[in-house]
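Take a look at the structure below.
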Ligand code: URA
């Protein structure tokens with residue numbers, strides 16, 4: 086019998102190690118489990134049931150990317166794309182996440198934002214940018230008249246990486262065809278990349294967010310649509326480094342002017 090002090094110490098150890106979520110009451114060997122022994126019940130509110138697969142973590146990044154490409158390409162609507170993601174087995178993050186976090190906002194909007202990956206709040210609720218950094222992002226965008234009625238938002242990765250770690254390049258690569266198809270199905274005129282991961286994954290190249298942020302560039306989607314793209318600092322970075330808020334504010338003003346000139350309907354803002 087473990088005494089309560091030892092249990093407290095153990096819990097503190099887990100918390101300090103980044104464990105902030107209990108997904109099962111007992112450990113699992115993911116390499117040999119079969120469907121009917123899996124105790125990975127989604128939260129009661131989870132909109133869909135995920136079928137566990139012992140194979141997913143073993144798919145090579147190249148095969149994962151190719152499988153994703155074929156699946157994403159065949160989706161003709163956002164609902165089909167969501168279905169394709171639910172069936173996709175090439176990203177092991179799916180098996181530790183509670184929910185697929187697909188997208189939010191207005192799918193007919195001319196402005197689309199793309200972040201990195203869901204955090205704990207997004208994983209629980211199934212929507213992107215609803216936690217602390219999402220609230221900061223919403224507030225900042227509202228200041229220039231952008232709300233979820235006139236923008237659409239998603240992430241490079243639709244499943245939460247455990248402990249909110251950064252997605253690996255292999256995970257981003259596996260999910261890339263889905264986000265590229267997502268862009269083509271929403272078909273925005275303006276793309277805002279939120280943070281370094283989205284910027285690196287979609288723009289490639291050697292330059293990081295510090296150099297790339299703040300200026301509009303031309304972007305051609307996978308499907309051939311021409312649009313304007315701009316990168317901004319991630320709100321999670323601003324929460325850690327509030328001194329950078331000035332840069333984001335300047336970027337937001339630039340975004341507002343460009344959208345206004347292009348006739349995008351903006352709310353009142355500040
Ligand atoms: N950070 C992201 O990049 N995306 C989210 O959905 C939440 C936090």
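Numbering (this note's numbering), first residue to last: 86 to 355.
For every residue, glycine included, the Cβ atom is placed at its ideal position computed from N, Cα and C.
Note that this is a predicted model, so its numbers are computed, not measured.
Just to confirm, does residue 277 get its C-beta within under 7 Å of one of the non-hydrogen atoms of the ligand URA? Walking along the chain shown from the start, residue 277 turns up at place 192. Incorrect: residue 277 has no Cβ contact closer than 7 Å to the ligand URA.
Using the Cα positions of residue 153 and residue 91, report the straight-line distance between them to the nearest angstrom. Mapped onto the chain shown, residue 153 falls at position 68. Mapped onto the chain shown, residue 91 falls at position 6. Rounded to whole angstroms, residue 153 to residue 91 spans 46 Å at the Cα level.
Are the CB atoms of residue 251 and residue 282 within a distance shorter than 8 Å? Residue numbering aside, residue 282 sits at position 197 when the chain shown is read from its first letter. Residue numbering aside, residue 251 sits at position 166 when the chain shown is read from its first letter. Going by C-beta atoms, residue 282 is nearer than 8 Å to residue 251.
Quick one, which of 234, 210 and 294 has its alpha-carbon nearest residue 192's? On the chain shown, residue 192 is found 107 positions in, with the first residue counted as 1. Ranking the options by Cα distance to residue 192, first place goes to 234.
Could you tell me whether any non-hydrogen atom of the ligand URA is closer than 7 Å to the CB of residue 256? Along the chain shown, read from residue 1 onward, the residue named residue 256 stands at position 171. The answer is no for residue 256.
Anything with a beta carbon under 7 Å from a heavy atom of the ligand URA counts; list them all in chain order. 186, 200, 201, 202, 203, 204, 207, 213, 214, 216, 218, 219, 240, 279, 280, 319 and 321
Would you call the CB atoms of residue 166 and residue 323 closer than 8 Å? Numbered from its first residue, the chain shown carries residue 166 at position 81. Numbered from its first residue, the chain shown carries residue 323 at position 238. No. Outside cutoff.
Extent of the continuous beta strand (DSSP E) run through residue 279: To locate residue 279, count along the chain shown from 1; it is residue 194. 275-279 is the span of the beta strand (DSSP E), which, as asked, contains residue 279.
Between the beta-carbon of residue 354 and the beta-carbon of residue 190, is there less than 8 Å? Residue numbering aside, residue 354 sits at position 269 when the chain shown is read from its first letter. Residue numbering aside, residue 190 sits at position 105 when the chain shown is read from its first letter. Their beta carbons are not under 8 Å apart, which means residue 354 does not touch residue 190 by this criterion.
State the CB to CB distance for the pair residue 280 and residue 318, rounded to an integer number of angstroms; the pair is presumed to be in contact (CB under 8 Å). If you number the chain shown from 1, residue 280 lands on position 195. If you number the chain shown from 1, residue 318 lands on position 233. Contact flag correct, Cβ pair sits at about 7 Å.
According to DSSP, simplified to helix, strand and coil, what is residue 316? Start at 1 with the first residue of the chain shown, and residue 316 comes out as number 231. In the structure shown, the three-state DSSP call for residue 316 is strand.
Helix, strand or coil: how does DSSP classify residue 311 here? Residue 311 sits at position 226 when you count from the first residue of the chain shown. Strand, per DSSP.
Kindly indicate which three-state DSSP category residue 249 falls into: helix, strand or coil? In the chain shown, counting from the first residue as 1, residue 249 sits at position 164. Helix, per DSSP.
Taking residue 262 as the reference, give the member of 186, 173, 96 and 290 with the closest Cα. Indexing the chain shown from 1 puts residue 262 at position 177. Taking residue 262 as reference, the option from 186, 173, 96 and 290 with the minimal CA-CA separation is 173.
Short of 7 Å in beta carbon distance, which residues of its chain neighbour residue 198, apart from the five on each side in sequence? Order them along the chain. For the purposes of this step, residue 198 is taken as residue 113 along the chain shown, with counting starting at 1. Hits under 7 Å: 236, 238, 277 and 279.
Which parts of the segment 141-200 are runs of the beta strand (DSSP E), unbroken and 3 residues or longer, counting only runs that do not cross its ends? 196-200
Of the residues 307, 225, 260 and 306, which one's Cα is nearest the Cα of residue 177? On the chain shown, position 92 is the one that residue 177 refers to. Of the listed residues, the one whose Cα sits closest to residue 177 is 260.
Is residue 119 buried or exposed, if buried means 16 or more other CB atoms sit within 10 Å of its CB? Taking the chain shown and counting its residues from 1, one reaches residue 119 at position 34. Summary for residue 119: the model assigns pLDDT 42, below 50, so the residue's position carries little reliability; its value from the coordinates is reported in the next sentence. Classification of residue 119: exposed, given that the 10 Å Cβ count is below 16.
Residue 98 to residue 104, Cα distance in whole Å? Sequence index remark: in the chain shown, residue 98 carries index 13 (1-based). Sequence index remark: in the chain shown, residue 104 carries index 19 (1-based). Cα-Cα distance, rounded: 9 Å.
Out of 348, 194 and 273, which one is the CA nearest neighbour of residue 308? As a first step, residue 308 must be located in the chain shown, where it is residue number 223. If we check each option's Cα against that of residue 308, 273 comes out closest.
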